[in-house]
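Protein chains in written order, with the working numbering: chain A, 2 to 112; chain B, 203 to 313.
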Amino acid sequence: RKEVEQDPGPFNVPEGATVAFNCTYSNSASQSFFWYRQDCRKEPKLLMSVYSSGNEDGRFTAQLNRASQYISLLIRDSKLSDSATYLCVVNPTGTASKLTFGTGTRLQVTL
Amino acid sequence: SQTIHQWPATLVQPVGSPLSLECTVEGTSNPNLYWYRQAAGRGLQLLFYSVGIGQISSEVPQNLSASRPQDRQFILSSKKLLLSDSGFYLCAFRGGSYEQYFGPGTRLTVT
Chain A
2 RKEVEQDPGP FNVPEGATVA FNCTYSNSAS QSFFWYRQDC RKEPKLLMSV
52 YSSGNEDGRF TAQLNRASQY ISLLIRDSKL SDSATYLCVV NPTGTASKLT
102 FGTGTRLQVT L
Chain B
203 SQTIHQWPAT LVQPVGSPLS LECTVEGTSN PNLYWYRQAA GRGLQLLFYS
253 VGIGQISSEV PQNLSASRPQ DRQFILSSKK LLLSDSGFYL CAFRGGSYEQ
303 YFGPGTRLTV T
């Protein structure tokens with residue numbers, strides 16, 4: 002089983018739609034979770050951290066379910082500029098600050 | 203604020219030639235530094251990380267090496283490139299909550 006698993010997509014959605022991505026992780030002791038965004042041929046950029054109580058940043062909402070070991074990202078009112086690959090990232094405990102990256106879910110927002 | 207620089211942005215090298223990629227960080231001291239490679243259409247693979255000057259940990263056996271001659275400088279090298287070394291090389295530093303911030307990357311093509 003992969004340490005971090007994501008549906009590669011692509012998710013093709015019209016502008017204004019709501020879209021959700023899920024990600025599962027294998028290490029139950031993992032403590033820190035993040036969503037990154039990567040545009041084509043660019044470096045990954047931190048989108049948001051994921052907290053146990055769930056957190057929201059504008060149109061983006063992240064949630065963590067420790068019991069089921071999954072993380073979700075919800076994007077409301079999708080914009081064309083949201084088109085990118087979204088990477089689920091986990092920091093397993095005791096791994097010297099190393100992060101484990103999922104292979105990403107591609108989102109394409111269309112007119 | 204903290205910034206991270208990488209150069210060159212793109213590089214085309216013949217098989218068997220040497221490689222040196224440089225990464226520097228500004229606005230922070232004694233950062234944890236990381237080298238990743240992303241092959242076309244693939245996820246991020248951690249190559250090396252460093253917690254201090256002269257301290258390098260290798261994640262996978264390969265044709266590459268890393269060095270940290272100064273606190274905010276991280277260098278990725280190879281004596282003889284292979285075709286399989288082609289990819290997008292990313293340097294990153296660790297933030298305050300285990301998140302990582304990436305440089306703009308170097309796109310390497312080995313011909």
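Just so you know, even glycine gets a beta-carbon here, dropped at the ideal spot from N, CA and C.
Asked, Found
"Environment of ASN66 (chain A) [buried if 16+ CB atoms lie within 10 Å]", "exposed"
"Cα-Cα separation between VAL262 (chain B) and SER53 (chain A), rounded to whole angstroms", "32 Å"
"Residue-level contact to chain A via CB, LEU266 (chain B), 8 Å cutoff", "no"
"Cutoff 8 Å: ASN232 (chain B) Cβ touching any chain A Cβ", "no"
"Residues near LYS281 (chain B) in its chain [Cβ-Cβ closer than 6 Å; skip 5 each side]", "PRO220"
"Beta-carbon neighbours of LYS99 (chain A), restricted to chain B and to distances below 7 Å", "LEU248 and TYR251"
"Proximal chain B residues relative to ASN104 (chain A), where beta-carbon distance stays under 8 Å", "In the sequence on display, residue 104 (chain A) carries Thr and not Asn. Near THR104 (chain A) (Cβ distances below 8 Å), the residues of chain B are ARG244 and GLY245."
"Range of the contiguous beta strand (DSSP E) that encloses ILE206 (chain B)", "205-209"
"Bounding residues of the beta strand (DSSP E) (the contiguous stretch that carries LEU100 (chain A))", "Here LEU100 (chain A) belongs to no beta strand (DSSP E), and DSSP marks it neither H nor E."
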